[in-house]
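Notes for the one structure printed next.
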Amino acid sequence: MLGSILSADNDAQRLARKMAYYSTMRIRLRHVQFALEAERRTSFYKELAVYLVFLLAMVVAICAVQVQIPFEHNDGLYTLYFANEFPNVSFKKTFQDVGAPPEMWQWLNGVLLPAYYNSTQRNSYRVSSIQIRFGQVQAMPCRVWNRGNTLSLVPLQTCFPAFENGIEDTTPFGDQGDGTPFVYERGLSTLLRSLQATPDLWNSRMDYGSGGYTVYIPRDNATAGQAMMDALSQNLLTPGTRYVAATWALYNPSTDALSHLQALFEISAADRFQVTSRIGSFHVQGYVSIAAFFTAQNLLMLFLGLVTLGFTYRQVRYVGVHGAAKYFESLWNYLDMIQLVCLYAFVAAWFAYLWSCHDLIPTLQHIMQAETCADSSSGKHCFVDLTLITQQLDMINNLGASLALVSAAIVFKYLRLNTRLNMLWETLRLAALDLVAFVFIFMFIFFGYSIMGFLLFGAHSSDYRSLSDSLASCFQMLLGAFDYGSLSAANPVMSGVFFFSFMILVFLIVINMFVAILSEYYTLAQAAKRKHDEMTKKLLLHGNYDGSDLVEYDILKQIVQYFRGLQFQVQLNGETIPLLGDARVLLVDHSYLLAERGRLRAKFHLAILVVRTCLRWFPRHFDSSTSSKLHDGSNEARLGLPSKAKAIRHLHYAKFPVTFIPLYSKSAVPITMLEQLQPGMCLDLDDGSLTCDRISLQVLGPQEIYLDSDNNGDDEMDKVSADRRLSFGLHHVHPDIGSGNHIKCCRVVYHGEIVLTGQEACLVSRLVWCKYVAAWAWRGFKDIIAWRPWIHPTGSHKNRVIADDDLDDLVSSLQLPDENQSCRFDELVKQLRHFIAKRARQGSIRVPGHDLEACVTHEAIAFVERFPNALVPLDKRELVGYKYVPTPTDTTAIRLPNSVARLSEFLAQNVHEVWSASRIAQGWQWGPHRDNEKKLHPDLVAYSQLSDNARQYDRDASVETLKTIIALGYAIHPKSQTTETTHLDDLSFGLPAPAGETYVPRPIATAEIELSSELKSLVELLAENSHDVWSKKRMEEGWVYGPKSNDATKEHDGLVPYVYLTAKEKDMDRNTAVETVKCILRCGFTFEHKRENAVKKFSMFGHRVAPIATNAHHPKESEIHRPEILNPLGHDEPSSGAPTLPKLVAGPHVVDLLADKLNIQIHS
1 MLGSILSADN
11 DAQRLARKMA
21 YYSTMRIRLR
31 HVQFALEAER
41 RTSFYKELAV
51 YLVFLLAMVV
61 AICAVQVQIP
71 FEHNDGLYTL
81 YFANEFPNVS
91 FKKTFQDVGA
101 PPEMWQWLNG
111 VLLPAYYNST
121 QRNSYRVSSI
131 QIRFGQVQAM
141 PCRVWNRGNT
151 LSLVPLQTCF
161 PAFENGIEDT
171 TPFGDQGDGT
181 PFVYERGLST
191 LLRSLQATPD
201 LWNSRMDYGS
211 GGYTVYIPRD
221 NATAGQAMMD
231 ALSQNLLTPG
241 TRYVAATWAL
251 YNPSTDALSH
261 LQALFEISAA
271 DRFQVTSRIG
281 SFHVQGYVSI
291 AAFFTAQNLL
301 MLFLGLVTLG
311 FTYRQVRYVG
321 VHGAAKYFES
331 LWNYLDMIQL
341 VCLYAFVAAW
351 FAYLWSCHDL
361 IPTLQHIMQA
371 ETCADSSSGK
381 HCFVDLTLIT
391 QQLDMINNLG
401 ASLALVSAAI
411 VFKYLRLNTR
421 LNMLWETLRL
431 AALDLVAFVF
441 IFMFIFFGYS
451 IMGFLLFGAH
461 SSDYRSLSDS
471 LASCFQMLLG
481 AFDYGSLSAA
491 NPVMSGVFFF
501 SFMILVFLIV
511 INMFVAILSE
521 YYTLAQAAKR
531 KHDEMTKKLL
541 LHGNYDGSDL
551 VEYDILKQIV
561 QYFRGLQFQV
571 QLNGETIPLL
581 GDARVLLVDH
591 SYLLAERGRL
601 RAKFHLAILV
611 VRTCLRWFPR
621 HFDSSTSSKL
631 HDGSNEARLG
641 LPSKAKAIRH
651 LHYAKFPVTF
661 IPLYSKSAVP
671 ITMLEQLQPG
681 MCLDLDDGSL
691 TCDRISLQVL
701 GPQEIYLDSD
711 NNGDDEMDKV
721 SADRRLSFGL
731 HHVHPDIGSG
741 NHIKCCRVVY
751 HGEIVLTGQE
761 ACLVSRLVWC
771 KYVAAWAWRG
781 FKDIIAWRPW
791 IHPTGSHKNR
801 VIADDDLDDL
811 VSSLQLPDEN
821 QSCRFDELVK
831 QLRHFIAKRA
841 RQGSIRVPGH
851 DLEACVTHEA
861 IAFVERFPNA
871 LVPLDKRELV
881 GYKYVPTPTD
891 TTAIRLPNSV
901 ARLSEFLAQN
911 VHEVWSASRI
921 AQGWQWGPHR
931 DNEKKLHPDL
941 VAYSQLSDNA
951 RQYDRDASVE
961 TLKTIIALGY
971 AIHPKSQTTE
981 TTHLDDLSFG
991 LPAPAGETYV
1001 PRPIATAEIE
1011 LSSELKSLVE
1021 LLAENSHDVW
1031 SKKRMEEGWV
1041 YGPKSNDATK
1051 EHDGLVPYVY
1061 LTAKEKDMDR
1071 NTAVETVKCI
1081 LRCGFTFEHK
1091 RENAVKKFSM
1101 FGHRVAPIAT
1111 NAHHPKESEI
1121 HRPEILNPLG
1131 HDEPSSGAPT
1141 LPKLVAGPHV
1151 VDLLADKLNI
1161 QIHS
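Per UniProt numbering, the sequence shown starts with residue 1, numbered consecutively.
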């Protein structure tokens, strides 16, 4: 229990430390967007890799399924039975030419039986008997069949209508040749009609049912078979016969293929013959054991089944997370559903086929090995019906073809791999709505012409005999395949109208509309691509961004970018490096150098913090008297200069500061390359100019060689240098980068002086490249060996509440109008709180433990830790600005003398004049509303024309300035009793300007007045205090700090401590204070500073403690704390009788600012 409590406390403290650290950071949203897009690209490539593996396995499984028999096998059977010519005829006639009953019997007796009993194929064996199956309709009087018709010419005759299941005749009739009648047999396989012999308007798959009259020609007795066929030719056909089908099976042991053959003769009610040949060959799959079942083919099918389950889980999970409404918004999800249905049906059909084969094998073995079929009675026992299996094979082939088509269509989702293909897909996406409208128009017009063709030519042309045939013929005519002669013969009157109107309306107008739609949207897609390229170029040129994170989906472009990024370049970040011939430089990795600078800067900040703490707790006063005591009797002490340090003989000061040349590469690793350099090797720095000027760098060795110099045989210097080598250079080990052992010392091989600008490329030899590739491969191999995903799990994202798809909405809500597109960490936390609360109310997010704040904290930390490259430290001014609390001097207890109080209105007017003059000097003009962009301000008018609030603000500021002067220990006295009145009455200001024009200010002329050093210090203190007064008033009105001033949101970039203001901003406050002091002097007043009136207010841009005043003018001596001032000049303090300024102590803002402004040079 105690351990869990301590663990919870530690977690809370850890989160608090992280929140405190990240609160000093700013998140660059553009980098977050690039990182998200990069993650999508990685996920996209993973999904593509998985899909390509699946597609390959699926294609192999479909094409390698052993149910598909080669074309040569079926073509040989077709040639033997259906393309063989009839014997004893004077012209060529085959099965397809059968058009009457006699010709049917010619084929059965002259082609089928000889080929069946005496086959010319040496590897073909008879498996089953020949089943002759036929069906007929019931005869009925014509007056009954034609009931309701007005015309009935032969009512007493017998009619035989078209085949329908309800009127099929099932009574025995005729003679099979052995005295037994034809008997109707039920329970047969369903006999499908051909699509060419359907009486309906719309061709559909119809059948003749699962029953019929059957006769079996014996398999093993050709004489009996021929006799039975002769008897059938005399008794089988009747006026009501509507179909005759001959079915048999063959086996080829050489190809291990079982063939099912069928010849179908269909006789319509109009006595038209339609023949159809069917051949289905397949391999019968049988397994003697469970182990034999796991063949490569079945393993592929099992793999497809597992992949199908995986895809199903992914789709169900997506629907569960995002909802069905969002799922069906994408067209690709519909294709995914169709693909899943086809996968399930394909795998199910395959295993159903295996089960059918399992049941069929014993039957085939019994028929071939145990049965002898020599007569009609035994022929039935030798027949095996393979129709079900052939239908299953057709289903497998159809599903495989559909699955291949859908899977190929889904590949279009990955068209972003290529920019051109992506643009084509963008064209289709943009034109989707117009294409849908076009398809509706096209289909209505096209369907109208299909009906027209069916009505005009259906009675005389087989191409238009049904509506489906008419649609197919119209499509062929659209592609240029048409026979106008047959149309004209079928309908001479309307054929021209049909043909020419179809060509003009459909071919010339509608199709060109389709081309115009695609052309228009292709132009729009090109324009969008050009706009995107221009924005990217603008971002690279003006956005302070190098483009390294720009996401590119084109694999070819990525490969090109990768190889271009293998080049090493000098990276100077806007700096320049002058180089002299024979000088020594250090080659270093750019990322390592930046990490070292950051580490040393943090170390320097820590040292400054320690010094500041020591100064705060142990203050010392440095003045000339102390300095004189320490260095009495020396020239340096008298001059206030530090003593000289002793010279160190072994250091060559011309080598310092050390010159580092940082190398950078987008694709390669400079550290690995630098580690391969050996002493004596040379590198070239090429600036890419037309003159091909190159600077050669000769590698001397590690960085310690930098200290070596010509010592003329001085052994003592060699010893000292050897000792110094141990501590020279950069050796710190950074976890993600490495140590400084890769740094190499080089000598510049160049005559003269040259300046590196950061555009130079570092060229290395082929040997170095070969060694680099080998080292890179070896390091990658070791990383793979050392990879332990179960030890270092990467699935921390599973604990996040916000899904990846919702991050886009969150980042979009954080977008700011500034060009940097960034936000502070506290803004992120605030937006996360609103986002999570909203989604929690909607029910799409579940807050763990119903603790919203804890959830927001975890999500904010997870967000910034997920995108570490998007974090940048807040600017010092910005960081302090958000925490800035102005504390001006407390003057509530100060009372102004009457002589001084009369100055307030005069000073307020003069302050307005000074402010107006400075604004006009900066280019501002009068305007009805303030506009920072156009530099318009409504207060650029005379003082008398200001609003009451504006005048009162100036009065309050003047009174506050006068009170601050008194609070600082100064007294303001008039030189005489009449001076103030005389001077105030004699001075005047500018005249009001006409309406709509800018006021011309005329402040009091004070140029001839010179301020003493004491009053100049007072001016600086007044400027700082006036800034605090202004900041406090602004904050009381609801204003806050913002990176840019915005009147609408009440944000101002000047709400920071005085020390962080720019020089121009300080000059505005300083000029106002100077003019105020000069104006007071101009009016005949004098300043007197009394030591007992020094107030503990200013501690040099640090803490401020308001003065405690107990009377109207002068606080008591005991209640005043005299702050101290650093005396940088080392002069003696003035005597107690002379007026002194309040002493100042360096506060934290000064120290931080000093640390930020220092330019750190790394050297030994």
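C-beta atoms are modelled at their ideal positions from N, C-alpha and C, and glycine is treated no differently.
What number of angstroms, rounded off, separates the C-alpha of residue i from the C-alpha of residue j?
{"i": "A162", "j": "A296", "result": "50 Å"}
{"i": "H73", "j": "S495", "result": "45 Å"}
{"i": "I754", "j": "P578", "result": "6 Å"}
{"i": "Y184", "j": "G211", "result": "7 Å"}
{"i": "Y521", "j": "H322", "result": "31 Å"}
{"i": "V682", "j": "V585", "result": "It should be noted that the sequence gives Cys, not Val, for residue 682. Whole-angstrom Cα-Cα distance: 13 Å."}
{"i": "H1052", "j": "Q567", "result": "46 Å"}
{"i": "P994", "j": "Q922", "result": "22 Å"}
{"i": "L940", "j": "K1044", "result": "22 Å"}
{"i": "L261", "j": "R143", "result": "41 Å"}
{"i": "A459", "j": "L335", "result": "41 Å"}
{"i": "V411", "j": "L421", "result": "11 Å"}
{"i": "Q808", "j": "K326", "result": "The sequence shown places Asp at residue 808, not Gln. Those two C-alpha atoms are separated by around 15 Å."}
{"i": "H937", "j": "C614", "result": "48 Å"}
{"i": "M535", "j": "E39", "result": "22 Å"}
{"i": "Q945", "j": "F34", "result": "54 Å"}
{"i": "K997", "j": "W926", "result": "According to the sequence displayed, residue 997 carries Glu and not Lys. So the alpha carbons of these two residues sit roughly 7 Å apart."}
{"i": "D1028", "j": "T887", "result": "6 Å"}
{"i": "R866", "j": "E859", "result": "10 Å"}
{"i": "D483", "j": "L156", "result": "44 Å"}
{"i": "R833", "j": "L852", "result": "8 Å"}
Taking the beta carbon of residue i as the centre, do at least 16 other beta carbons fall within 10 Å, making it buried, or is it exposed?
{"i": "T1062", "result": "exposed"}
{"i": "T1086", "result": "exposed"}
{"i": "residue 1172", "result": "This structure cannot speak to residue 1172, because the chain is shown only from 1 to 1164."}
{"i": "W1039", "result": "buried"}
{"i": "I743", "result": "buried"}
{"i": "G99", "result": "exposed"}
{"i": "C746", "result": "buried"}
{"i": "A263", "result": "buried"}
{"i": "R30", "result": "buried"}
{"i": "E426", "result": "buried"}
{"i": "A516", "result": "exposed"}
{"i": "L606", "result": "exposed"}
Which of the three DSSP states, helix, strand or coil, is assigned to residue i?
{"i": "C474", "result": "helix"}
{"i": "T613", "result": "helix"}
{"i": "C745", "result": "strand"}
{"i": "C159", "result": "strand"}
{"i": "T190", "result": "coil"}
{"i": "V755", "result": "strand"}
{"i": "H734", "result": "strand"}
Considering only residues of the region 803-879, which uninterrupted alpha helix (DSSP H) runs meet the minimum length of 4 residues and lie entirely inside it, listed in chain order? 804-813, 825-842, 852-866
4-residue-minimum alpha helix (DSSP H) runs that sit fully inside the region 36-62, ordered along the chain: none
Can you find at least 3 beta carbon pairs, one from the region 1067-1083 and one from the region 899-911, that sit closer than 8 Å? yes
Examine the Cβ distances between the region 127-137 and the region 381-391 and report whether three or more of them are shorter than 8 Å. yes
Inter-stretch contact at 8 Å, needing at least 3 Cβ pairs: the region 276-283 / the region 165-176: no
With a cut-off of 8 Å, do at least 3 Cβ pairs link the region 876-884 to the region 829-844? no
Every unbroken alpha helix (DSSP H) within the region 65-153, with a cutoff of 4 residues, ordered by chain: 71-81, 101-107, 113-117, 142-145
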